[in-house]
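A.B. asks:
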Amino acid sequence: MLSDMESDGGTMDRSAAAAELAALDADRAALAERVVQPWWYDALLGLLVAGFVSSYSTRNSWVILGALVVLLLGLRGLMAVYRRITGMWVNGLRPGPTRRATRVWFVLYAVVLGAAAVFEYGLEIRGAMVVGGVVLGVAIAAISQWWARIYVAELRGEL
Amino acid sequence: MTAVQPRFDAVVHMPPRLQVCGLLAAVDDMDFALVREQVGVSDSVLSKHVKQLEEAGYVTVRKSTRASRVRTNLALTATGRSAFDAHVAELRRITGA
Chain A
1 MLSDMESDGG TMDRSAAAAE LAALDADRAA LAERVVQPWW YDALLGLLVA GFVSSYSTRN
61 SWVILGALVV LLLGLRGLMA VYRRITGMWV NGLRPGPTRR ATRVWFVLYA VVLGAAAVFE
121 YGLEIRGAMV VGGVVLGVAI AAISQWWARI YVAELRGEL
Chain B
1 MTAVQPRFDA VVHMPPRLQV CGLLAAVDDM DFALVREQVG VSDSVLSKHV KQLEEAGYVT
61 VRKSTRASRV RTNLALTATG RSAFDAHVAE LRRITGA
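Protein chains in written order, with the numbering used here: chain A, 1 to 159; chain B, 1 to 97.
Okay, here's the thing in structure tokens:
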């Protein structure tokens, strides 16, 4: 049928096009089986974030700098581990439905960090940044799992 | 968000290349070995198709050495992503999906 033909040298009928779309969907669904990170990945991510934010309670620039170095090296290590386990890398800030989870993380991070800083430095309540760090550590671990579930659903075409 | 203009792409169209683009479109980058496993072709066949995608500017190939092993990573370029999205839009147009 002419309406089903395409220019630029390509010709394809409706059934061939449907078969190609189905094959693409099947590939994405197969990919969904291997993209989810293990639980300890999120636990380590949470510990790194909690450790870094908590370091502000020491009010010692060297300790905070050290915690930042540990955070950056840890994130790099987690990235390498994810690549090794799954054979791929997916940017957490990628466009699409997973943006819901990243937006929640950034808003939560700003609110909790701001509140903890006000208590720690404004009201002189020592240890407030530790509490903030723990809250953010638990939050990033949970949000990372949520992010992965959204990504899997997207790959399976469930969204 | 602007709608993707359907456009048949002869480079993307070939089944192994369409599969490769489909896999890479879902990630930032992917090991050559994983792409080969998912697509189900030999090293040489995949290399040939990756080369064609690379020459079209659709895929980048990055080699790195980890633990004295050379690993090859494939990633879709912005041009490749646009071409793939347009091709998929064309397939949907044909099927009426």
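Where is the CB? At the ideal position from N, CA and C, for every residue including glycine. Everything numeric in this text was worked out from a predicted model, so none of it was measured.
1) Is it buried or exposed, B/S42, if we count other Cβ atoms within 10 angstroms and call 16 or more buried?
2) Name the residues in the stretch 74–102 of chain A whose C-beta lies less than 7 Å from a C-beta of chain B; which are they?
3) Can you find the residues in the same chain that come closer than 8 Å, C-beta to C-beta, to A/A141, ignoring five residues on each side of it along the sequence?
4) I'd like to know if the stretch 46–60 of chain B and the stretch 14–32 of chain B are in contact, where contact means that at least 3 CB-CB pairs between them fall below 8 Å.
5) Quick check on the DSSP output: the alpha helix (DSSP H) that includes A/T164 runs from which residue to which?
6) Check the DSSP bridge columns for B/N73 and list the partner residues they point to.
7) Taking the alpha carbon of A/I85 as the point to measure from, which residue in A/V35, A/L159, A/M12, A/W146 has its own alpha carbon closest?
8) Nearest-angstrom Cα distance between A/Y151 and A/T98?
9) The alpha helix (DSSP H) spanning A/D27 covers which residue range?
10) Between A/E20 and chain B, is the shortest Cβ-Cβ distance under 7 Å, so that the two count as touching?
11) Provide the residue span of the alpha helix (DSSP H) that contains A/A95, from first to last.
12) A/R149 and A/A29: beta carbons closer than 7 Å?
13) Give every residue of the same chain whose Cβ lies closer than 6 Å to the Cβ of B/C21, excluding the five residues on either side of it in the sequence, and list them in chain order.
14) Under 7 Å between the Cβ atoms of A/A17 and B/I94?
15) Determine whether the beta carbon atoms of B/T60 and B/A78 lie at a separation below 7 Å.
16) With 7 Å set as the bound, which would you pick, yes or no: does the beta-carbon of A/R149 sit closer than that to a beta-carbon of chain B?
17) Kindly indicate if chain A contains any beta-carbon less than 7 Å away from that of B/D29.
18) Can the beta-carbon of A/A115 be found closer than 7 Å to that of A/M129?
19) Enumerate in chain order the residues of its own chain whose CB-to-CB distance from A/G96 is below 7 Å, with the five nearest sequence positions on each side excluded.
20) Terminal residues of the continuous alpha helix (DSSP H) containing B/G80?
21) Comparing the C-beta of A/R28 with each C-beta of chain B, is any distance below 7 Å?
22) The alpha helix (DSSP H) with B/V17 in it runs from where to where?
C.D. replies: According to the structure shown:
1) Working through the second sequence from its first residue, we reach residue 42 of chain B at position 42. Result: exposed.
2) Against chain B - using a Cβ distance shorter than 7 Å - the residues of the stretch 74–102 of chain A are G87, M88, W89, V90, N91.
3) On the first sequence, residue 141 of chain A is found 141 positions in, with the first residue counted as 1. So the list reads D42, A43, L45, G46, once near-sequence residues are dropped.
4) Contact holds: three or more Cβ-Cβ distances are below 8 Å.
5) For chain A, the structure presents residues 1 to 159; residue 164 of chain A sits outside this window and is missing.
6) Translated into positions along the second sequence, residue 73 of chain B becomes position 73. Looking at the DSSP output, B/N73 bridges to B/D31, B/R62.
7) Residue numbering aside, residue 85 of chain A sits at position 85 when the first sequence is read from its first letter. Comparing Cα-Cα distances from A/I85 to each of A/V35, A/L159, A/M12, A/W146, the minimum goes to A/V35.
8) Numbered from its first residue, the first sequence carries residue 151 of chain A at position 151. Numbered from its first residue, the first sequence carries residue 98 of chain A at position 98. Near 6 Å, if we compare the C-alpha coordinates of A/T98 and A/Y151.
9) As a working note, residue 27 of chain A is residue 27 in the first sequence. Segment 14–32, the alpha helix (DSSP H) holding A/D27.
10) Taking the first residue of the first sequence as position 1, residue 20 of chain A is located at position 20. Output row for A/E20: interface = yes.
11) Reading the first sequence from its first residue, position 95 is the one you call residue 95 of chain A. As written in the sequence, residue 95 of chain A is Pro, which differs from the Ala given in the question. Looking at the DSSP string, A/P95 is not in any alpha helix (DSSP H), and its letter there is neither H nor E.
12) In the first sequence, residue 149 of chain A corresponds to position 149, counting from 1. In the first sequence, residue 29 of chain A corresponds to position 29, counting from 1. Between A/R149 and A/A29, the C-beta spacing is not below 7 Å.
13) In the second sequence, residue 21 of chain B corresponds to position 21, counting from 1. Counting only Cβ-Cβ distances below 6 Å, and skipping sequence neighbours, we find V12, F84.
14) Taking the first residue of the first sequence as 1, we reach residue 17 of chain A at position 17. Taking the first residue of the second sequence as 1, we reach residue 94 of chain B at position 94. If you check the CB distance, A/A17 and B/I94 come in under 7 Å.
15) As a working mapping, residue 60 of chain B is identified with position 60 in the second sequence. As a working mapping, residue 78 of chain B is identified with position 78 in the second sequence. No, the Cβ-Cβ distance between B/T60 and B/A78 is not below 7 Å.
16) Looking up residue 149 of chain A in the first sequence gives position 149. No, because no Cβ of chain B sits closer than 7 Å to the Cβ of A/R149.
17) Counted from its first residue, the second sequence places residue 29 of chain B at position 29. Taking Cβ atoms only, chain A reaches closer than 7 Å to B/D29, which makes this a yes.
18) For the purposes of this step, residue 115 of chain A is taken as residue 115 along the first sequence, with counting starting at 1. For the purposes of this step, residue 129 of chain A is taken as residue 129 along the first sequence, with counting starting at 1. No. Outside cutoff.
19) Along the first sequence, read from residue 1 onward, the residue named residue 96 of chain A stands at position 96. Here A/G96 has E154 as same chain residues with Cβ atoms under 7 Å from its own Cβ, once five neighbours each way along the sequence are excluded.
20) Here the question's residue 80 of chain B lines up with position 80 in the second sequence. Start and end: 78–95.
21) By one-based count along the first sequence, residue 28 of chain A stands at place 28. With 7 Å as the cut-off, A/R28 counts as an interface residue toward chain B.
22) Within the second sequence, residue 17 of chain B is the residue found at index 17, counting from 1. Just to set this straight, residue 17 of chain B is Arg in the shown sequence, not Val. Its alpha helix (DSSP H) spans residues 15–25.
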